[in-house]
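A quick write-up on the structure given underneath.
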Amino acid sequence: MSLTAAIDVGTTTVRAAVFDGEGERLSIARSTLGSRHPFAGAVEQDPDELVSTAIDVFNRSLAEADLQAADIDALGITNQRSSVVAWDGDTGHALRPLIGWQDTRTAERVAEFVSAGIPLNTSASCTKLEWLMANDDSVADASANNSLRFGTVDTWLSWALSGGAVHVTDPSNAGATGCYDLYGGDWSNDVLALFGVPREAMATVVASDEIAGLCDPELVGAAIPLAARCGDQMAACMAHGMVDGTAKLTLGTSGMLDVGTGSTIADAPDGCYALPLWRRTVDGALVDEFLVEGSILTAGSVIEWLIRAGLLDRVEQLDEAAASGSPGIEFVPSFAGLGSPHQDPEARGAVRGIGLETTAADIVLGALTGIATRVAELTAHMGVTDPLLVDGGLSQSQVLLEAIQESTGLEIRPARDHETTVRGIALLAVPD
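Laid out in structure tokens, this is it:
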């Protein structure tokens, strides 16, 4: 029986799991991933910490299942999208911290494009790459020496795990950079030139389920095939069995609503985007499929804020606290701007209706209600119909799911396994 390992590098958590050939999850290990904010709007992470954490959770997932690396037949990688790493291809060393997808340092540049009628948001990688080329001497020097390498998280981790032998990505990750030609199925030379990004620094775009190379045995213990890679939302879609018309809401650090459009590149409503779902082998032929995506920039991160603010002791108490709260608090969860359909990176959160009688539990309930209200706005904007498939860590809150059902009027179908991203990428990586 084949065994497949999956690594999911999220914004705040790195997970690894092992699945058998029947799709049974044999183990899972997780660890937190730190970030830093050196100036207003900046979100950075340590690329080396990312790799070491991924290897650590992979090893722990093997130990939990009483397995060795040599027992694993395939490895799949899924990840936070749009975050970018720059490194020197000759030395293999990262040139600077990773710039996260939530980073808004290029908001003014993005606003220039939006005012010209070009749909763009601050999460896209293209302006981050432009910023790196213009503001980091080590990046410019590596470019001059033809040793510069850019990559999204899947690319960086594949490079590291392969000992520098693999520099690839897939359409789902490439599409989130803003530098990808949906119709051509590869990088857009015109967009790369517009942002001053050298084509030779970009990864080769391969199929989501292509074996792109092997892990370095000295790093992970065996030459495991790097058999699949895709963005986290797309991995969740795979776990749900996404087909044309399926609507899936992932409630993690952010909230992402995806509607499958099959082989059609659909016209997206204002503030939403048509993106690649994946490129995979179906009946011996490569098939490109697509989706339309809308975003809620802060969901689970609102709960983290409640904890930091002393309004909630720990996430496990979320529903208990909310259930004891009284309605009436208006909570706007735009802590990192408003996503779809507004695309306003300058928007900030607000709490209204506080009185002397207001308790912490009231605010916790208001926060969940506020997230549900944003979900309702987005589902209506994107024309979602029954059922709405829901996953992600925050989907474990029954209070939130009930609030979403009430605010949207939709049938809510939560995933049976909340770890949909690792399950989805494992399905994509399963050897034929």
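Residue 5 is where the sequence shown starts when you use the numbering used here, and the numbers rise one by one after that.
Think of the CB as a built atom: it goes at the ideal place given N, C-alpha and C, for glycine as much as any other residue.
Closer than 8 Å by C-beta to Asn88: which residues in its own chain qualify, once you throw out the five before and the five after it? Chain order, please. The sequence as given places Val at residue 88; Asn does not occur at that position. Cβ neighbours of Val88 beyond the five flanking positions: Leu102, Ile103, Ser129, Lys132, Leu133, Leu136, Phe154, Gly155, Thr156, Thr181.
Taking only runs that begin and end inside the segment 247 to 308, name each unbroken alpha helix (DSSP H) of 4 or more residues, in chain order. none
Identify, in the order they occur along the chain, each residue of the same chain with its Cβ nearer than 8 Å to the Cβ of Gly168, setting aside the five sequence neighbours on each side. Gly93, Gly96
With DSSP run on the structure shown, which of helix, strand or coil describes Gly329? coil
Are the segment 272 to 285 and the segment 311 to 329 in contact at 8 Å, needing three or more beta carbon pairs? no
Exposed or buried, what is Met5 when buried is set at 16 or more other beta-carbons lying within 10 Å of its beta-carbon? exposed
Kindly indicate which residue of Gln106, Arg100, Ala78 has the alpha-carbon position closest to the one of Glu214. Ala78
Closest by C-alpha distance to Arg19, when choosing among Leu37, Gly27, Leu7, Glu28: Leu37
Using beta-carbon positions only, say whether Leu261 and Glu297 come within less than 9 Å of one another. yes
Considering only their Cβ atoms, is the gap separating Leu230 from Ser330 smaller than 9 Å? no
Could you check what DSSP says for Val47 in three-state terms: helix, strand or coil? coil
Nearest-angstrom Cα distance between Gly449 and His41? With the chain covering 5 to 436 only, the question about residue 449 has no answer from this structure.
Cα-Cα separation between Trp191 and Ser399, rounded to whole angstroms: 35 Å
Whole-angstrom Cβ separation of Leu431 and Met242, contact assumed at under 8 Å? 5 Å
Please classify Thr254 as buried or exposed, where buried requires at least 16 other C-beta atoms within 10 Å of its C-beta. buried
Strand pairing of Pro418, partner residues [DSSP]: Val394
Any idea what DSSP makes of Asn83, helix, strand or coil? strand
With DSSP as the reference, please indicate the residues paired to Ala90 in a beta bridge. Phe154
Reduced DSSP secondary structure (H/G/I, E/B, other) of Pro123: coil
For Asp185, which residues does DSSP report across the bridge? Asp190
For Glu381, the nearest candidate out of Ile300, Gly121, Val114 (CA to CA): Ile300
Rounding to the nearest angstrom, what Cα-Cα distance links Ile59 and Val224 in this structure? 7 Å
Considering only DSSP beta bridges, list what Thr15 is partnered with. Answer is none; Thr15 lacks a bridge partner.
Report all residues from its chain with a CB closer than 7 Å to the CB of Asp390; omit the five preceding and five following residues, and keep chain order. Leu414, Glu415
Which of helix, strand or coil DSSP assigns to Ser162: helix
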